[in-house]
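The numbers in the numbering used here rise by one with no breaks, and the one at position 302 of the sequence shown is 312.
Where a beta carbon is used, it is the ideal one built from N, C-alpha and C, also for glycine.
A short worksheet on the structure shown next.
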Amino acid sequence: MTPLPTTLTFARSSAFTHQKGFTPVTPTLQGNTCVVGLQWGDEGKGKIVDFLTEHADVVVRYCGGANAGHTVRIGGEKYATHLLPVGVFRPGVMNIIGNGVVLDPEVLLKEIDELAARGLAVTPQNLRISYKTHLVMPYHKQEDAARESSAEGGAIGTTRRGIGPTYADKMQRATAVRVADLLHEENLKQKIGRIVNERNKVLQCLYDAPPLEWRQIFETYRDFGRRLAPFVDDTGHLLIEYARSGKRIVFEGAHAVLLDVDHGTYPYVTSSSCSALGLYTGSGVPPQTVQNFYGIMKAYSTRVGGGPFPTEQDNDIGNYIRERGNEYGTTTRRPRRCGWLDAMAVKYSVDLCGITHVALTLIDVLSGLDHVQICTGYKHNGQRLDYFRADMDVLAEVEPIYETLPGWRGNISAARRFEDLPKEAQQYVKRVEVLIGAPVKMVSVGPERTATIMR
Ligand code: GDP
Ligand code: IMO
Ligand code: MG
Numbered sequence: 011m012t013p014l015p016t017t018l019t020f021a022r023s024s025a026f027t028h029q030k031g032f033t034p035v036t037p038t039l040q041g042n043t044c045v046v047g048l049q050w051g052d053e054g055k056g057k058i059v060d061f062l063t064e065h066a067d068v069v070v071r072y073c074g075g076a077n078a079g080h081t082v083r084i085g086g087e088k089y090a091t092h093l094l095p096v097g098v099f100r101p102g103v104m105n106i107i108g109n110g111v112v113l114d115p116e117v118l119l120k121e122i123d124e125l126a127a128r129g130l131a132v133t134p135q136n137l138r139i140s141y142k143t144h145l146v147m148p149y150h151k152q153e154d155a156a157r158e159s160s161a162e163g164g165a166i167g168t169t170r171r172g173i174g175p176t177y178a179d180k181m182q183r184a185t186a187v188r189v190a191d192l193l194h195e196e197n198l199k200q201k202i203g204r205i206v207n208e209r210n211k212v213l214q215c216l217y218d219a220p221p222l223e224w225r226q227i228f229e230t231y232r233d234f235g236r237r238l239a240p241f242v243d244d245t246g247h248l249l250i251e252y253a254r255s256g257k258r259i260v261f262e263g264a265h266a267v268l269l270d271v272d273h274g275t276y277p278y279v280t281s282s283s284c285s286a287l288g289l290y291t292g293s294g295v296p297p298q299t300v301q302n303f304y305g306i307m308k309a310y311s312t313r314v315g316g317g318p319f320p321t322e323q324d325n326d327i328g329n330y331i332r333e334r335g336n337e338y339g340t341t342t343r344r345p346r347r348c349g350w351l352d353a354m355a356v357k358y359s360v361d362l363c364g365i366t367h368v369a370l371t372l373i374d375v376l377s378g379l380d381h382v383q384i385c386t387g388y389k390h391n392g393q394r395l396d397y398f399r400a401d402m403d404v405l406a407e408v409e410p411i412y413e414t415l416p417g418w419r420g421n422i423s424a425a426r427r428f429e430d431l432p433k434e435a436q437q438y439v440k441r442v443e444v445l446i447g448a449p450v451k452m453v454s455v456g457p458e459r460t461a462t463i464m465r
């Protein structure tokens with residue numbers, strides 16, 4: 011077995027972070043921070059985590075897998091990560107892939123190689139992976155795709171990255187493979203042989219799929235394991251030590267509250283606990299570790315895949331938003347469904363996660379419209395419903411009630427102070443704050459790291 015790395019060096023010590031004259035990102039942002047999506051994903055979490063990491067020591071992914079796609083733009087360069095925490099773009103920051111993630115080693119190694127080709131080194135000095143993390147195997151991806159394509163119906167519109175089947179095996183236990191298994195090659199061989207044999211029967215019987223060759227899978231994963239071994243660590247222990255020694259930690263939520271397996275719009279959700287509530291089990295820290303809960307929301311709504319979406323605009327408005335916001339999936343390139351802001355859906359997420367700060371992103375996309383609309387409640391069975399119910403039966407039937415606000419014009423991406431925004435855009439932000447019941451501390455006016463307004 012490869013010994014776990016034990017030495018931890020920080021190019022950026024907390025002394026640096028807290029040095030004299032250091033201005034925190036916001037005066038109130040002391041302590042550790044969880045960043046979480048408040049809608050159906052793609053709110054700009056990658057951009058905001060990268061921004062907040064200017065003054066952080068550690069970034070942690072705690073849920074999901076390569077179904078996520080987080081974009082960061084730095085000095086005109088565009089990067090998209092699926093598994094790597096976006097702290098890899100900040101020298102001296104330690105990145106952690108927590109136990110709550112499902113890891114596709116092929117995707118991770120490709121990401122590492124692609125960044126290396128662009129001059130960014132990802133090594134055990136800036137990345138550690140929990141030995142408890144579960145692995146996405148080829149049959150998980152095969153099953154995900156087969157189920158989605160099945161004539162029997164029941165498709166969710168998944169990313170086909172094998173996410174659901176991997177989490178199902180995690181709960182099943184006997185058929186799971188974890189990062190720790192990569193460190194024991196003989197056991198790995200036995201395990202993969204047994205599981206693939208069983209899985210072939212299921213895949214053949216249910217989906218008439220050709221059998222997989224267990225030895226080839228074993229050899230591929232053995233080689234992945236040899237490359238990944240130096241990164242494997244007891245990351246829960248590390249994080250508790252970091253927190254104790256005053257390192258600043260940012261937890262990088264993936265997906266969003268409305269895609270959470272318990273609290274989202276089930277069954278049209280992903281298979282992980284991707285609200286802020288999932289960070290504790292997904293990284294192995296106690297609740298007192300986190301003081302700030304940064305909710306990220308777009309100025310409108312989008313969704314990829316199936317499921318209810320009360321404010322969807324399958325019309326010129328939706329097309330306007332999609333083209334201006336480049337609303338095409340970061341992972342699958344699928345066109346995203348677009349619509350007006352559903353403030354009640356965001357309020358539901360704010361309340362569930364105890365959001366203390368909000369970043370409102372992509373507000374520049376709404377420029378050029380005569381009017382903008384916000385959903386402030388619903389009509390259901392002739393009654394007014396003034397809160398969001400993540401209940402398919404209700405959501406499929408509700409009719410949004412809208413409030414109309416004046417629009418604004420022009421390119422607002424150069425604004426760096428709130429007062430630089432057109433007064434109608436300022437009014438929009440202030441109205442959103444009241445409707446969702448949380449303070450908008452940051453407004454994002456463009457994809458670049460610097461296109462950000464602090465309030
Ligand atoms: P994530 O999954 O939440 O990290 O979001 P994605 O990266 O999937 O999608 C957000 C997209 O919006 C990316 O292409 C970002 O570069 C871009 N983006 C982020 N913030 C802004 C913004 O304020 N304005 C504009 N126009 N684009 C933004
Ligand atoms: P980020 O982190 C948007 C959606 C998929 C699908 C459903 C289930 O970039 O915001 P899965 O492959 O997870 O089983 O698919 O969840 N989905 C996302 N949509 N952004 C994401 O992540 C998503 N992760 C999953 O489109 O509808
Ligand atoms: Mg995304």
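Original post:
So, V46 versus C363, is the Cβ gap smaller than 7 Å?
Top reply: yes
Original post:
Cα-Cα, which of I227, Q135, Q182, E162 is closest to P101?
Top reply: Q135
**OP:** Quick one: using the 10 Å Cβ neighbour count with 16 as the cut-off for buried, is C215 buried or exposed?
**Re:** exposed
Original post:
Over what stretch of residues does the beta strand (DSSP E) that includes P410 continue unbroken?
Top reply: 409-416
Original post:
In three-state terms, what does DSSP make of K142?
Top reply: coil
Original post:
Count the other CB atoms within 10 Å of the CB of Q49; is the residue buried (16 or more) or exposed (fewer)?
Top reply: buried
Original post:
What does DSSP give as the partner residues of F99 in its beta bridges?
Top reply: For F99, which the question treats as bridged, DSSP gives no partner whatsoever.
**OP:** Return the residue from the list R232, R419, F319 that minimises the CA-CA distance to M402.
**Re:** F319
**OP:** Using a Cβ cut-off of 7 Å (strictly closer), state whether R399 contacts chain D.
**Re:** In summary, chain D is missing from the structure at hand, where a single protein chain is found.
**OP:** Indicate the three-state DSSP secondary structure (helix, strand or coil) for N302 in the structure shown.
**Re:** strand
**OP:** May I ask you to report which of helix, strand or coil DSSP gives N136?
**Re:** coil
Subject >> Reduced DSSP category for M402 - H, G, I as helix; E, B as strand; rest coil >> reply: helix
Subject >> S285 versus L119: straight-line alpha-carbon distance, rounded >> reply: 27 Å
**OP:** Classify I122 as helix, strand or coil using the three-state DSSP reduction.
**Re:** helix
**OP:** Give me whichever residues DSSP pairs with N105 in a beta bridge.
**Re:** V69, L137
Subject >> Test item, CB below 5 Å from any non-hydrogen atom of the ligand MG >> reply: D52, G79, T340
Original post:
Given L213, which residues of its chain have a CB within under 8 Å of its CB, disregarding the five upstream and five downstream residues?
Top reply: Y149, Q152, E153, A156, A219, P221, L222
Subject >> With 16 other Cβ atoms within 10 Å as the buried cut-off, status of K88 >> reply: exposed
Original post:
Under the three-state reduction of DSSP, which class applies to M464: helix, strand or coil?
Top reply: strand
Subject >> Proximity winner among G163, T230, L94, relative to L130 (alpha-carbon distances) >> reply: L94
Original post:
Heavy atom of the ligand GDP less than 6 Å from the Cβ of S285, yes or no?
Top reply: no
Original post:
Identify the residues that DSSP records as bridge partners of V260: which are they?
Top reply: T43, V69
Subject >> Which listed residue (Y72, G51, N77, Q40) has its alpha carbon closest to that of L62 >> reply: Q40
**OP:** Report the option in F99, S140, I373 whose CA atom is closest to the CA atom of R419.
**Re:** I373
**OP:** Return yes when at least one heavy atom of the ligand IMO lies under 6 Å from the C-beta of L94, else no.
**Re:** no
**OP:** Given a cut-off of 7 Å, decide if N109 and K142 are closer than it, judged by their beta-carbon atoms.
**Re:** yes
Original post:
Just how far apart, CA to CA, sit D52 and H265?
Top reply: 7 Å
**OP:** Give the secondary structure of C385 by DSSP, where H, G and I count as helix, E and B as strand, and everything else as coil.
**Re:** strand
Subject >> V1 vs V450 beta-carbon contact at 7 Å >> reply: Residue 1 cannot be examined here, being either before or after the span of the chain that is shown, 11 to 465.
Subject >> heavy atom of the ligand GDP below 6 Å from L372 C-beta >> reply: yes
Original post:
What separation, rounded to the nearest whole angstrom, lies between the Cα atoms of T371 and R237?
Top reply: 37 Å
Original post:
What span of residues does the beta strand (DSSP E) with S454 cover, start to end?
Top reply: 450-454
Original post:
Candidates R138, N325, N210: which alpha carbon is nearest H247's?
Top reply: R138
Subject >> Contact belief for F428 with I463 at Cβ below 8 Å, rounded distance in angstroms >> reply: 6 Å
**OP:** Under the assumption that I259 contacts V68 (Cβ atoms under 8 Å), give the Cβ distance between them as a whole number of angstroms.
**Re:** 5 Å
Original post:
Distance, Cα to Cα, A178 vs T185?
Top reply: 9 Å
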